[in-house]
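Just so you know, the sequence shown maps onto residues 3 to 131 in the numbering used here. Here the structure is laid out as structure tokens; the discussion comes afterwards.
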Amino acid sequence: VENQKAFVDIGGMHARAEVEKGVKWITDKSQVEGEEAKAYWLCWVTTERSEQGPYYAGVTACYLLVNKSIRRGYKSMPEHVNMMDKSMKHQFIIDQIGDDNKQILKEFLQNHNVEMWNNSSEELYRAFE
3 VENQKAFVDI GGMHARAEVE KGVKWITDKS QVEGEEAKAY WLCWVTTERS EQGPYYAGVT
63 ACYLLVNKSI RRGYKSMPEH VNMMDKSMKH QFIIDQIGDD NKQILKEFLQ NHNVEMWNNS
123 SEELYRAFE
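Structural data, given as structure tokens:
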């Protein structure tokens with residue numbers, strides 16, 4: 003969030019993203035907060051292939067707060083599982099990340115593969131408005 007950067011970390015599929023390594027997950031967000039804490043949006047992006055070619059079929063996002071200095075992190079596992087499932091079911095749920103982060107994610111997806119962006123549905127484009 004604060005770095006204003008989007009990136010792919012395939013390890014996130016198995017809760018092994020680089021930002022998650024070496025962190026014990028707890029359910030009390032207040033124990034993670036502090037000057038060293040960093041907020042992230044883990045975005046689930048589902049891709050599919052149609053007759054026109056590959057496209058972005060679903061995009062959802064869920065919150066992470068990581069404090070590497072104390073090796074603790076906060077995330078809601080039910081939220082992560084549900085958002086992954088919703089992305090796989092071709093839903094677009096990203097309003098919670100805010101306009102600035104939506105713009106960063108939009109530019110990332112466009113630059114990552116313009117063909118996939120162009121082949122995607124109007125629903126994807128509306129999600130980023």
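Even glycine gets a Cβ: it sits at the ideal position worked out from N, Cα and C. Values in this document were obtained by computation on a predicted structure and should not be read as measured data.
Looking only at its chain, what residues have a beta carbon closer than 6 Å to the beta carbon of residue i, apart from the 5 residues adjacent to it on each side?
{"i": "Asn121", "result": "Gln54, Gly55 and Tyr57"}
{"i": "Met118", "result": "Pro56, Tyr57 and Tyr58"}
{"i": "Trp46", "result": "Thr62, Met85, Met86 and Ser89"}
{"i": "Gly60", "result": "Thr48, Ser89, His92 and Gln93"}
{"i": "Asn115", "result": "none"}
Can you list, in chain order, the residues of its chain with a C-beta nearer than 8 Å to that of residue i? Leave out the 5 residues immediately preceding and following it.
{"i": "Glu38", "result": "Asn69, Lys70, Ser71 and Ile72"}
{"i": "Val34", "result": "Ile28, Leu67, Val68, Asn69, Ile72, Arg74, Gly75 and Tyr76"}
{"i": "Ser52", "result": "Asn121"}
{"i": "Met79", "result": "Trp27"}
{"i": "Asp30", "result": "Tyr76"}
{"i": "Glu125", "result": "Phe94"}
{"i": "Glu50", "result": "Pro56, Tyr57, Ala59 and His92"}
Going by DSSP, which residues form a beta bridge with residue i?
{"i": "Arg51", "result": "Pro56"}
{"i": "Gly75", "result": "Trp27 and Val68"}
{"i": "Ile99", "result": "Beta-bridge pairing links Ile99 to no other residue."}
{"i": "Leu44", "result": "Cys64"}
{"i": "Phe110", "result": "Answer is none; Phe110 lacks a bridge partner."}
May I ask you to report which of helix, strand or coil DSSP gives residue i?
{"i": "Val61", "result": "strand"}
{"i": "Phe130", "result": "coil"}
Under 7 Å Cβ to Cβ from residue i, same chain only, skipping five residues before and after it: list those, please.
{"i": "Lys104", "result": "Ile96 and Phe130"}
{"i": "Gly134", "result": "Residue 134 cannot be examined here, being either before or after the span of the chain that is shown, 3 to 131."}
My guess is that residue i and residue j are in contact by the Cβ rule of under 8 Å, so how many angstroms apart are they, rounded?
{"i": "His82", "j": "Leu44", "result": "7 Å"}
{"i": "Ala8", "j": "Phe110", "result": "4 Å"}
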